[in-house]
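Undergrad:
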Amino acid sequence: MKLFDSHCHLDDRVYDKDIDAVIKRAHDAGVAACMTVGTDKESSIKAVALAESTNNIYASVGVHPHETKSCCESILKFLINLAESPKVCAWGEIGLDFNRMYSPQDDQEKWFIRQLEIADRFSLPVIFHERDSNGRLLEIVRAHHKKDGKGVVHCFSGNRAELEQYINLGLYVGITGILTLKKRGADLRKLAPIIPVEQILIETDAPYLTPAPEKNRTRRNEPAFVRPILFKLAEIRKEDPEYLASATWENSCRLFNIRF
Numbered sequence: 000m001k002l003f004d005s006h007c008h009l010d011d012r013v014y015d016k017d018i019d020a021v022i023k024r025a026h027d028a029g030v031a032a033c034m035t036v037g038t039d040k041e042s043s044i045k046a047v048a049l050a051e052s053t054n055n056i057y058a059s060v061g062v063h064p065h066e067t068k069s070c071c072e073s074i075l076k077f078l079i080n081l082a083e084s085p086k087v088c089a090w091g092e093i094g095l096d097f098n099r100m101y102s103p104q105d106d107q108e109k110w111f112i113r114q115l116e117i118a119d120r121f122s123l124p125v126i127f128h129e130r131d132s133n134g135r136l137l138e139i140v141r142a143h144h145k146k147d148g149k150g151v152v153h154c155f156s157g158n159r160a161e162l163e164q165y166i167n168l169g170l171y172v173g174i175t176g177i178l179t180l181k182k183r184g185a186d187l188r189k190l191a192p193i194i195p196v197e198q199i200l201i202e203t204d205a206p207y208l209t210p211a212p213e214k215n216r217t218r219r220n221e222p223a224f225v226r227p228i229l230f231k232l233a234e235i236r237k238e239d240p241e242y243l244a245s246a247t248w249e250n251s252c253r254l255f256n257i258r259f
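If you're matching positions, the sequence shown starts at 0 in numbering that gives the first Met the number 0 and goes up one per residue.
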């Protein structure tokens, strides 16, 4: 069984002291590839450096909606140059987050649109972050993302209507450890079976969102824990875990244009 953690944050300082052990545990769990995701200039630098120095780790660059209040053209120009690395396979994570509003809505929308333009210009798939945008992210994607543009809605937690629109746009849907959580994951468990198998990805969002099987043992999530997410997803969808592992692997490689 070969697994792809399609979204994690290995640049996070919680891994600074034991990143090699974290990567080894992932390998031992069957995680053969990871996408480590940038959220601002500094995290993108660190993500790319890790990807360039480690086999089968890939990186994205971008400015997260929380960080858009500090975004500017010079930062985006720097990220464009960073994206020239052959290990950079996506732009993101970018989008809208109206839940905590760490950045004003105007800033979030302005820099989301600008980054969509950049991703499309360089034909990079987009890693989308959406929380409580009440359809606004979908409006912007339809207006500003090229029609054949690829992307994944990371950590999907929306409703059925939103899910169906993402699917109809041809976007991939990222499933996290929320799926395993008794109360918080109840709605997601109802929706997961309707996602077409060719549009589903698995992800940890490590170090966040530790899945239930591991949550009692450790608070810190890591890529190795994508395995229990895969097994829970297979159980809910009534699919063979080996089949689903293969499908999500192929989906990740197709989205990020990675060939092994």
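Glycine included, C-beta positions come from ideal geometry on N, C-alpha and C.
Count the other CB atoms within 10 Å of the CB of C154; is the residue buried (16 or more) or exposed (fewer)?
TA: buried
Undergrad: Would you call the CB atoms of T175 and E138 closer than 8 Å?
TA: no
Undergrad: Go through its chain and collect everything with a Cβ distance to Y57's Cβ below 6 Å, but skip five positions before and after it.
TA: M34, A50, K86 and C88
Undergrad: Using C-beta distances below 8 Å, list every residue in its chain close to L178, excluding the 5 sequence neighbours before and after it, in chain order.
TA: G184, L187, R188, A191, P210, I228, K231, L232 and I235
Undergrad: Mapping DSSP to helix, strand and coil, what is F97?
TA: coil
Undergrad: Could you tell me the distance, in whole angstroms, from the CA atom of N133 to the CA atom of E108?
TA: 13 Å
Undergrad: Let me know the secondary structure DSSP gives V62 once reduced to three states.
TA: coil
Undergrad: Using only alpha-carbon positions, find the residue among R24, F121 and K1 that is nearest to L222.
TA: Looking at the sequence itself, residue 222 is Pro, so the reference to Leu does not match. Of the listed residues, the one whose Cα sits closest to P222 is R24.
Undergrad: Taking the alpha carbon of N80 as the reference point, which residue from L95, D106, I93 and I44 has its own alpha carbon closest?
TA: I44
Undergrad: Counting only runs of 3+ residues fully inside the region 23 to 67, write out the beta strand (DSSP E) ranges in chain order.
TA: 30 to 36 and 56 to 60
Undergrad: Look at the alpha carbon of Q195 and the alpha carbon of A28, and state the distance between them as a whole number of angstroms.
TA: Note that residue 195 is Pro in the sequence shown, not Gln. Computed Cα separation, rounded: 26 Å.
Undergrad: N220: buried (16+ other C-beta within 10 angstroms of its C-beta) or exposed?
TA: buried
Undergrad: To the nearest angstrom, how far is the alpha carbon of L254 from that of R216?
TA: 33 Å
Undergrad: Whole angstroms is fine: what's the gap from R120's alpha carbon to K214's?
TA: 41 Å
Undergrad: Quick one: what does DSSP say A89 is sitting in, helix, strand or coil?
TA: strand
Undergrad: Identify the residues that DSSP records as bridge partners of C7: which are they?
TA: T35
Undergrad: Whole angstroms is fine: what's the gap from P124's alpha carbon to P240's?
TA: 27 Å
Undergrad: Would you check whether the ligand PLP has a heavy atom nearer than 7 Å to the C-beta of G184?
TA: This structure does not include the ligand PLP; it has no bound ligands of any sort.
Undergrad: How is Y171 classed by DSSP in three states: helix, strand or coil?
TA: Of the three classes helix, strand and coil, the one that applies to Y171 here is strand, per DSSP.
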